[in-house]
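Input: a single structure, listed below in structure tokens.
Residue numbers (my numbering): 5 to 283.
What follows is the structure, given as structure tokens:
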């Protein structure tokens, strides 16, 4: 059977995280699917690791891109390239350190597509607009998306615009809506499986008790920036000279814990009743 959905991922030194996502997709996706991954000039060690991981999946296609671009501009340019490969009715974009954690996630989200709702995905953190999904974990109806000629590159790098800055404007201008998957940041929300870490949890509006997805956040840097402040972060992480190595160590520890929790959730979801497609 032909694939119904394509998953797009841009990698930058995040092979360990993508390993989790590929495992999740294999065990939790209902429809036939394929995955395109573009490595954006990662360290050779990380790329080779990812190459080995991808070799275990016959529906995963990896390319390497050597580019001088960095940050959101590099990410947006890579997504523009990957989107051109999409020939399925639906496609999903995942940050390298984001993962779907609900069995039949694809069928659930596709079921929410209507004449007006053409995109469903992760809610943005405040103060960004709360009425339209951000790019961390997102699903599109392909036909509508391609008609809108979306450019994922930020328009003004100096103002720190996000990848996909153009997205909300293009959809709303044509009177389409985006549905959000509700964000719960574990700095404040302490009832989910990642309560002891600093990550993002995502829940469907109608089911705010059962986890749907998670995003580690800044995975390629071990999340060092997110440990500089906020609730639950010790002042020790602001001490000069100690700050960066301590934050990196904390990020490494949290990464291992996040991956283990994700894998445990995926295995639990796999054994729930209901169809799931496994290649």
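We put the beta carbon where it would ideally sit given N, CA and C, even for glycine.
As the structure is a prediction and not an experimental result, all values here were calculated from the model.
CB-CB under 7 Å to residue i, same chain, minus the five flanking residues each way: which ones, in chain order?
i	result
residue 180	120, 122, 148
residue 155	84, 170
residue 287	Nothing can be reported for residue 287, as the shown portion of the chain is limited to 5 through 283.
residue 261	201
residue 203	190, 218, 219, 220, 221, 262
residue 150	none
Give the straight-line distance between the Cα atoms of residue i and residue j, rounded to the nearest whole angstrom.
i	j	result
residue 134	residue 127	6 Å
residue 206	residue 44	26 Å
residue 79	residue 187	22 Å
residue 214	residue 194	14 Å
residue 5	residue 37	10 Å
residue 268	residue 69	33 Å
residue 52	residue 106	29 Å
residue 72	residue 104	31 Å
residue 7	residue 14	20 Å
residue 272	residue 266	10 Å
residue 115	residue 211	15 Å
residue 152	residue 176	11 Å
residue 129	residue 74	23 Å
residue 277	residue 108	11 Å
residue 222	residue 118	33 Å
residue 196	residue 50	30 Å
residue 281	residue 253	Its pLDDT being 49, under 50, residue 281 is placed unreliably in this model, and the coordinates cannot settle the point.
Which residues in the same chain have their Cβ closer than 8 Å to the Cβ of residue i, if we skip the five residues on either side of it in sequence?
i	result
residue 283	Residue placement at residue 283 is flagged as unreliable, the pLDDT there being 42, under the threshold of 50; the coordinate-derived value follows with that caveat. Closer than 8 Å at the Cβ level, and outside the excluded window around residue 283, lie 30, 61, 62, 63.
residue 199	190, 193
residue 22	13, 15, 41, 54, 57, 100
When the distance is taken between beta carbons, is residue j closer than 8 Å to residue i?
i	j	result
residue 81	residue 146	no
residue 98	residue 270	no
residue 102	residue 217	yes
residue 9	residue 95	yes
residue 66	residue 19	no
residue 259	residue 220	yes
residue 111	residue 34	yes
Between the Cα of residue i and those of the options, spot the shortest distance and give me the residue it belongs to.
i	options	result
residue 159	168, 152, 153	168
residue 172	27, 125, 136, 21	136
residue 337	55, 94, 21, 27	There is no way to answer for residue 337, as the model of the chain reaches only from 5 to 283.
residue 138	109, 100, 111, 185	185
residue 209	255, 183, 56, 166	183
residue 47	212, 17, 253	17
residue 89	41, 257, 204	41
residue 166	257, 132, 49	132
Sorted by chain position, which residues of the same chain lie with C-beta nearer than 6 Å to residue i's C-beta, five sequence neighbours on each side aside?
i	result
residue 39	11, 64
residue 58	64, 66
residue 257	none
Under 8 Å by Cβ, that's how I've got residue i and residue j pegged, so tell me the actual separation to the nearest angstrom.
i	j	result
residue 24	residue 263	6 Å
Are there any heavy atoms of the ligand FAD lying less than 7 Å away from the beta-carbon of residue i, as far as the coordinates show?
i	result
residue 103	Inclusion of the ligand FAD in the displayed structure is not the case, the ligand content being empty and no account of it being possible.
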